[in-house]
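A.B. asks: I have a structure here, written as structure tokens, and I will follow up with some questions on it.
2 protein chains.
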Amino acid sequence: MPTRLTNYFLKTLREDPSDAEVTSHRLLVRAGYIRRQAPGIFAWLPLGLRVKSKIEAIVRDEMTNAGAHEVHFPALLPKEPYEVTGRYVDYGDGMFRLNDRRGVGYVLAPTHEEVFTLLVKDLYSSYKDLPLSIYQIQDKYRDEARPRAGLLRGREFTMKDAYSFDYTDAGLDASYQAQRDAYERIFTRLGLEYVIVKADAGAMGGSKSEEFLHPTPVGEDTFVRSAGGYAANVEAFTTLVPDARPSEGLPAATVFDSPHTPTIQTLVDLANAEQPRDDGRAWVAGDTLKNVVLAVTQLDGTRELVVVGMPGDRDVDLKRAEVAFQPAEVEAANEDDFALHPGLVKGYIGPWSEGGAAVLGEKGSTGIRYLLDPRVVDGTEWITGANLHEKHVFGLVAGRDFVGDGWVEAANVKDGDPAPDGSGPIETARGMEIGHVFQLGRKYAEALGLKVLDENGKLVTVTMGSYGIGVTRILAIIAELNNDDKGLIWPAAVAPFDVYVVATGRDETVYAAAEQIVLDLEAAGNEVLFDDRPKVSPGVKFGDAELIGVPKIVIVGRGVADGVVEVWDRKSGDRSEAAVDAVVAAL
Amino acid sequence: MPTRLTNYFLKTLREDPSDAEVTSHRLLVRAGYIRRQAPGIFAWLPLGLRVKSKIEAIVRDEMTNAGAHEVHFPALLPKEPYEVTGRYVDYGDGMFRLNDRRGVGYVLAPTHEEVFTLLVKDLYSSYKDLPLSIYQIQDKYRDEARPRAGLLRGREFTMKDAYSFDYTDAGLDASYQAQRDAYERIFTRLGLEYVIVKADAGAMGGSKSEEFLHPTPVGEDTFVRSAGGYAANVEAFTTLVPDARPSEGLPAATVFDSPHTPTIQTLVDLANAEQPRDDGRAWVAGDTLKNVVLAVTQLDGTRELVVVGMPGDRDVDLKRAEVAFQPAEVEAANEDDFALHPGLVKGYIGPWSEGGAAVLGEKGSTGIRYLLDPRVVDGTEWITGANLHEKHVFGLVAGRDFVGDGWVEAANVKDGDPAPDGSGPIETARGMEIGHVFQLGRKYAEALGLKVLDENGKLVTVTMGSYGIGVTRILAIIAELNNDDKGLIWPAAVAPFDVYVVATGRDETVYAAAEQIVLDLEAAGNEVLFDDRPKVSPGVKFGDAELIGVPKIVIVGRGVADGVVEVWDRKSGDRSEAAVDAVVAAL
Chain F
1 MPTRLTNYFL
11 KTLREDPSDA
21 EVTSHRLLVR
31 AGYIRRQAPG
41 IFAWLPLGLR
51 VKSKIEAIVR
61 DEMTNAGAHE
71 VHFPALLPKE
81 PYEVTGRYVD
91 YGDGMFRLND
101 RRGVGYVLAP
111 THEEVFTLLV
121 KDLYSSYKDL
131 PLSIYQIQDK
141 YRDEARPRAG
151 LLRGREFTMK
161 DAYSFDYTDA
171 GLDASYQAQR
181 DAYERIFTRL
191 GLEYVIVKAD
201 AGAMGGSKSE
211 EFLHPTPVGE
221 DTFVRSAGGY
231 AANVEAFTTL
241 VPDARPSEGL
251 PAATVFDSPH
261 TPTIQTLVDL
271 ANAEQPRDDG
281 RAWVAGDTLK
291 NVVLAVTQLD
301 GTRELVVVGM
311 PGDRDVDLKR
321 AEVAFQPAEV
331 EAANEDDFAL
341 HPGLVKGYIG
351 PWSEGGAAVL
361 GEKGSTGIRY
371 LLDPRVVDGT
381 EWITGANLHE
391 KHVFGLVAGR
401 DFVGDGWVEA
411 ANVKDGDPAP
421 DGSGPIETAR
431 GMEIGHVFQL
441 GRKYAEALGL
451 KVLDENGKLV
461 TVTMGSYGIG
471 VTRILAIIAE
481 LNNDDKGLIW
491 PAAVAPFDVY
501 VVATGRDETV
511 YAAAEQIVLD
521 LEAAGNEVLF
531 DDRPKVSPGV
541 KFGDAELIGV
551 PKIVIVGRGV
561 ADGVVEVWDR
571 KSGDRSEAAV
581 DAVVAAL
Chain U
588 MPTRLTNYFL
598 KTLREDPSDA
608 EVTSHRLLVR
618 AGYIRRQAPG
628 IFAWLPLGLR
638 VKSKIEAIVR
648 DEMTNAGAHE
658 VHFPALLPKE
668 PYEVTGRYVD
678 YGDGMFRLND
688 RRGVGYVLAP
698 THEEVFTLLV
708 KDLYSSYKDL
718 PLSIYQIQDK
728 YRDEARPRAG
738 LLRGREFTMK
748 DAYSFDYTDA
758 GLDASYQAQR
768 DAYERIFTRL
778 GLEYVIVKAD
788 AGAMGGSKSE
798 EFLHPTPVGE
808 DTFVRSAGGY
818 AANVEAFTTL
828 VPDARPSEGL
838 PAATVFDSPH
848 TPTIQTLVDL
858 ANAEQPRDDG
868 RAWVAGDTLK
878 NVVLAVTQLD
888 GTRELVVVGM
898 PGDRDVDLKR
908 AEVAFQPAEV
918 EAANEDDFAL
928 HPGLVKGYIG
938 PWSEGGAAVL
948 GEKGSTGIRY
958 LLDPRVVDGT
968 EWITGANLHE
978 KHVFGLVAGR
988 DFVGDGWVEA
998 ANVKDGDPAP
1008 DGSGPIETAR
1018 GMEIGHVFQL
1028 GRKYAEALGL
1038 KVLDENGKLV
1048 TVTMGSYGIG
1058 VTRILAIIAE
1068 LNNDDKGLIW
1078 PAAVAPFDVY
1088 VVATGRDETV
1098 YAAAEQIVLD
1108 LEAAGNEVLF
1118 DDRPKVSPGV
1128 KFGDAELIGV
1138 PKIVIVGRGV
1148 ADGVVEVWDR
1158 KSGDRSEAAV
1168 DAVVAAL
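Protein chains in written order, with our numbering: chain F, 1 to 587; chain U, 588 to 1174.
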């Protein structure tokens, strides 16, 4: 039975939705694929649901090929398991919480590690039951602070989440690899370019994690890669630590007046003017040690100041800092913080004071923790604050004149930084997350008591992986990548229909002929959307066809009386005539 | 790729779950189809999900045949639309409610009339866009007071809910009929016997409603039907009202002493002993007028007493009373209620007092509303309470001696009662609701402002229907109907697999031969579950096969060396030999 526009649920819109920030959102709403219900929450209209189902079918297929079996959990789950693992607290405001009529606490699950763990614990008890990989395609909820960009970051989204269960580390490696391979096949079938990068495991915990990023300048994630094959999410990038140097023979540090040096550059200029280097090389920003005061707020609300010392040509990258301090929140210290800590001489903060007493760092007088960038190795010399108003110090040597209380990866990453694996300089790029695989290890199994008997009858804790693909996000990215100024252009693998047949004019015989073509196309296995609207102008019909973006369009007009129709390729825009009885073959 | 039990996610259980009240729940848990997460909330394991998907596919197919298009709404929705229609309050504790991080109120949708109405309002504005039927298959949430019977009444459940939109009453009739016809086809394909009964529209509002009930003695709904074709849910049954009779010439009412008449029967016995009828017929319970005091609590908490007068051979049916007083809650009055109303002489309540003053009914002295059963028509004579301790009255005539403040359908329905359409006596039976179709009319469209321009350019309010099938409930009912003491016996249309192949023994060549049979069966289009577990006894394997209930079982044992396997029909229990190369044909 043909799907006819005269009774299909579809209304294309001439105007962009006022809240659309990105192309995919704008076009998916205008072309009648989705409709907003609340911030970050959408209804799926018939066209959108068809595309979503096709993506899900590809994901299902490759999950089956990876040996994973499908299950399905509710979105509404008891809060207890999330309390046991700590995520009930860790998720903060990002989790939707509610009580039932008896006052029992529930959550709308943001992800399902806990209940998958408990399900396997509930049913399995022996190593013989493992390995096991199970997955679901399910609607998840996260109360994002700023839901935005349409489906790219919603508060409800459809996700494929898979979980693997093994009792050996080698087993976990194999399960992880099987999912990783499936992800590569899925993205290839979807025509989505991807980069696999080392990632931070974040709130998930666990030992190893990789992200699949689609590289695009408009991506919200930054990643780095080297020509030698290193790739990492910028949050997971680790600094290549230089070798320590001997400090013997280095001159003693000297304090100098440095008024009017509000920036690193003014400080460097002053240094070059007043203390030129013996070898004639100019001082540069990287020769200074910048001391940045951060406020670190734990989930329980306690706020701690931390000073981070890093080369002056770096800035704090708050996302990297948040990973370093997770699950705490990190921000720059404010005026109140400084007022409470008069020992911090704003603009002139350093680890050391004249006379050699530590102001920051081990046993420092301020009591504030002082963490160092990994590049500040023993024996390096620095121009830095002297903890006195309008004074800095030259030649302060790490390890000799000051030590930190530890190391921290909080500085930004720059093009040209060396990859930690020695594979050469990295460059940064932008990407959108399209998949994430985690070796969770035993974190969840330990917290929830998932153990099995091994070959020797000994109880061992299970080791797990978790593997996520954002189905609705991928749909939005495909829309983001495949469009022009006329509308969407779906790749055949996920198009809502294979062919879009447009009948034009007012001649009923044309519509009858078009319907026969639709039936022939359907008989040949095509999914067809038939624009049979009798009183709509060809211009409007063609505009809708372009906006909706079915890859192949067949125009049936008066020429059909002579056995001729027009075949239109949405992507190339090519239009050519075809004989009616050759249309099926032509497509 | 064969689905092998060695890596499938399945664990059959020997013990019944402790909370299982019904067979379907017990077997679906034991056979590894579902697993409880919280009261009335279940996870779907691979076998269960397959059965559920098959039911959904049949529903989808018939929705398409009925011209309905699929959409999908979130479960999490803003509360405002439900406030506008009043259902936010009407649902009482039955609705899950929550706030987001900004304090904005949301609900987990129990059903989606409001947002479907708004969606159509959002996109459509002309009669030319109608009729429209759209549906979804979606997980719904209701905070049932007593979730029970496994999937039969859960707090989360999957439902197909369709909505039709028309601008004429005739259009609504046609849309309603199309869904009703689709339901008949769906239940026929699922092999589910059904009765279509008139139903009460309940909290949905609207003008006409029918329920599809599966007749079964364990059903939780009572319905009535006549041989002449009348069928109604007991809540929707209406009494055939007898004609009024002349009261001229009837003797005056007389009061008599009636101590020790705590029950209707003792009162009838006393009447027969002390006041025998002139014609010699004995007084029966139906000659007495029983006055029952009900407490009716509105949603805002106000509690009102109401007295219902009905023939003494009837009892109050609280479900029918709740329909009569909806959305209020109804219960029997308690001691406190009586204490507050000393005008009600417990055990001797009647509408009338000696001397002719009305105690109940129009301008009665108690101020309490007095409603009458429809059978208490003018001219009927009654034995009833005299509103004096230990006194009753004979020959009290309705219309002459007392009137009510209105009529109410609160009495129970009994076998032999006449059908309201004159089609003869009804009988009561039990059934389970499997579908419900509503003509909502303009209630939702009016509340939410859904209007379209008609042919004359005039704005008209749209008229709607809503049509629900409980997918997970149907699955449970099918399981409830198709089982024996060994386990489940799925009908082929919804079985998780078509064939279950069991390899027995320890001979690897048997397993290899079995695998080839599995591949041949799959190549012939069968879905096959392969029990390839090498170290499990045949007895356990056969027990699992019976418990899981795939309709056809193939046993591959040592005989395969001679080219013979066994084919086992799960339902009949018949086992017969078949040649290996004839297995595909044999099935």
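Just so it is clear, CB atoms sit at the ideal spot from N, CA and C, and this is done for glycine as well.
Candidates F:Ser133, F:Pro251, F:Asp243 and F:Asp336: which alpha carbon is nearest Val397 of chain F's?
C.D. replies: If we check each option's Cα against that of Val397 of chain F, F:Pro251 comes out closest.
A.B. asks: So which residues of chain U does Pro46 of chain F contact, with C-beta pairs closer than 9 Å?
C.D. replies: Near Pro46 of chain F (Cβ distances below 9 Å), the residues of chain U are His656, Glu657, Val658 and Ile721.
A.B. asks: At a cut of 8 Å, does the segment 635-643 of chain U reach the segment 702-722 of chain U through at least three beta carbon pairs?
C.D. replies: Too few Cβ pairs lie closer than 8 Å, so no.
A.B. asks: How would you list, in chain order, the residues of chain U whose beta-carbon sits under 7 Å from the beta-carbon of Ala20 of chain F?
C.D. replies: Residues of chain U passing the Cβ test: none, with the nearest at roughly 15 Å.
A.B. asks: Using a Cβ-Cβ distance cut-off of 8 Å, determine whether Leu119 of chain F contacts chain U.
C.D. replies: Output row for Leu119 of chain F: interface = yes.
A.B. asks: Do Tyr141 of chain F and Phe73 of chain F have their C-beta atoms within less than 8 Å of each other?
C.D. replies: Not closer than 8 Å, so no.
A.B. asks: Over the uninterrupted beta strand (DSSP E) stretch that includes Leu800 of chain U, give me the two end residues.
C.D. replies: Residues Lys795 to Pro802.
A.B. asks: Under the three-state reduction of DSSP, which class applies to Gln275 of chain F: helix, strand or coil?
C.D. replies: DSSP places Gln275 of chain F in coil when its eight states are reduced to three.
A.B. asks: Taking 8 Å as the cut-off, decide whether the C-beta atoms of Val567 of chain F and Val554 of chain F are in contact.
C.D. replies: Contact flag set, yes.
A.B. asks: By how many angstroms is the C-alpha of Val241 of chain F removed from the C-alpha of Ile489 of chain F?
C.D. replies: Their backbone Cα atoms lie some 47 Å apart in a straight line.
A.B. asks: Using DSSP's beta-bridge definition, name the partner residues of Tyr91 of chain F.
C.D. replies: Tyr91 of chain F pairs with nothing; no bridge assigned.
A.B. asks: Quick one: is Gly350 of chain F buried, meaning 16 or more other Cβ sit within 10 Å of its Cβ, or exposed?
C.D. replies: Gly350 of chain F comes out buried.
A.B. asks: Please tell me whether Gln624 of chain U has its Cβ less than 8 Å away from any Cβ of chain F.
C.D. replies: Closer than 8 Å to some Cβ of chain F, the Cβ of Gln624 of chain U qualifies, so yes.
A.B. asks: Using the Cβ count rule (16 or more neighbours within 10 Å means buried), how would you classify Met588 of chain U?
C.D. replies: Result: exposed.
A.B. asks: Ignoring anything shorter than 3 residues, give me the beta strand (DSSP E) runs that lie fully in the segment 699-729 of chain U, in order along the chain.
C.D. replies: Correct list: 719-728.
A.B. asks: Check whether the segment 1038-1051 of chain U and the segment 1065-1072 of chain U touch, using three or more Cβ-Cβ pairs below 8 Å as the test.
C.D. replies: These segments do not touch.
A.B. asks: Are Leu151 of chain F and Arg506 of chain F closer than 8 Å when you measure CB to CB?
C.D. replies: Cβ distance not < 8 Å, so Leu151 of chain F and Arg506 of chain F don't count as in contact.
A.B. asks: Are the Cβ atoms of Asp808 of chain U and Arg601 of chain U separated by less than 8 Å?
C.D. replies: It is not a contact, given that the beta carbons lie outside the stated cut-off.
A.B. asks: Between the alpha carbons of Val107 of chain F and Glu113 of chain F, how many angstroms are there, rounded?
C.D. replies: Rounded to the nearest angstrom, the two C-alpha atoms are 13 Å apart.
A.B. asks: Counting only the same chain and skipping the five closest in sequence on each side, list residues whose C-beta sits under 7 Å from that of Pro44 of chain F.
C.D. replies: Checking the sequence, you will find Trp at residue 44 of chain F rather than Pro. Counting only Cβ-Cβ distances below 7 Å, and skipping sequence neighbours, we find Ile34 and Lys52.
A.B. asks: Can the beta-carbon of Pro898 of chain U be found less than 8 Å from the beta-carbon of Asp960 of chain U?
C.D. replies: Yes, Cβ-Cβ distance for Pro898 of chain U and Asp960 of chain U is below 8 Å.
A.B. asks: Kindly identify the DSSP beta-bridge partner or partners of Arg189 of chain F.
C.D. replies: Answer is none; Arg189 of chain F lacks a bridge partner.
A.B. asks: Give every residue of the same chain whose Cβ lies closer than 6 Å to the Cβ of Ser1113 of chain U, excluding the five residues on either side of it in the sequence, and list them in chain order.
C.D. replies: Note that residue 1113 of chain U is Asn in the sequence shown, not Ser. Here the set comprises Asp1085 and Val1086.
A.B. asks: Does the contact criterion of 3 or more C-beta pairs under 8 Å hold for the segment 798-816 of chain U versus the segment 760-780 of chain U?
C.D. replies: The segment 798-816 of chain U is in contact with the segment 760-780 of chain U.
A.B. asks: How big is the Cα-Cα spacing for Leu299 of chain F and Val345 of chain F?
C.D. replies: If I take the Cα positions, the gap works out to 29 Å.
A.B. asks: If you run the structure through DSSP and keep just helix, strand and coil, what is Leu250 of chain F?
C.D. replies: It is coil, neither helix nor strand.
A.B. asks: Would you mind giving the Cβ-Cβ distance between Ser611 of chain U and Gly815 of chain U, rounded to the nearest angstrom? I have them listed as a contact below 8 Å.
C.D. replies: Actually they do not touch by this definition, with Cβ atoms about 34 Å apart.
A.B. asks: In chain order, which continuous runs of the beta strand (DSSP E) of length 3 or greater are located wholly inside the segment 640-692 of chain U?
C.D. replies: You should have 663-665 and 683-686.
A.B. asks: When the Cα atoms are used, what is the spatial distance from Val534 of chain U to Tyr750 of chain U?
C.D. replies: Because chain U in this structure spans residues 588 to 1174, residue 534 of chain U falls outside the shown range and cannot be described.
A.B. asks: Assuming Thr971 of chain U contacts Thr875 of chain U under a Cβ cut-off of 8 Å, what Cβ separation, rounded to an integer in Å, is found between them?
C.D. replies: Yes, Thr971 of chain U and Thr875 of chain U are in contact; Cβ-Cβ is about 6 Å, under 8 Å.
A.B. asks: Mind checking Ser1124 of chain U: buried by the 16 CB within 10 Å criterion, or exposed?
C.D. replies: Ser1124 of chain U comes out exposed.
A.B. asks: Looking at the strands, I want to know which residues DSSP matches up with Arg623 of chain U.
C.D. replies: Note: Arg623 of chain U sits in a beta bridge opposite U:Phe629.
A.B. asks: Quick one: list the residues of chain F neighbouring Tyr1183 of chain U, beta-carbon separation under 9 Å, in chain order.
C.D. replies: Residue 1183 of chain U lies beyond the residue range present for chain U, which begins at 588 and ends at 1174; the question has no answer from this structure.
A.B. asks: Taking Cβ to Cβ, would you say Glu381 of chain F is nearer than 8 Å to Tyr348 of chain F?
C.D. replies: The answer is no: Cβ separation not under 8 Å.
A.B. asks: Can the beta-carbon of Ala66 of chain F be found closer than 8 Å to that of Ser133 of chain F?
C.D. replies: Yes.
A.B. asks: For Tyr763 of chain U, which of helix, strand or coil comes out of DSSP?
C.D. replies: Note: Tyr763 of chain U maps to helix in three-state DSSP.
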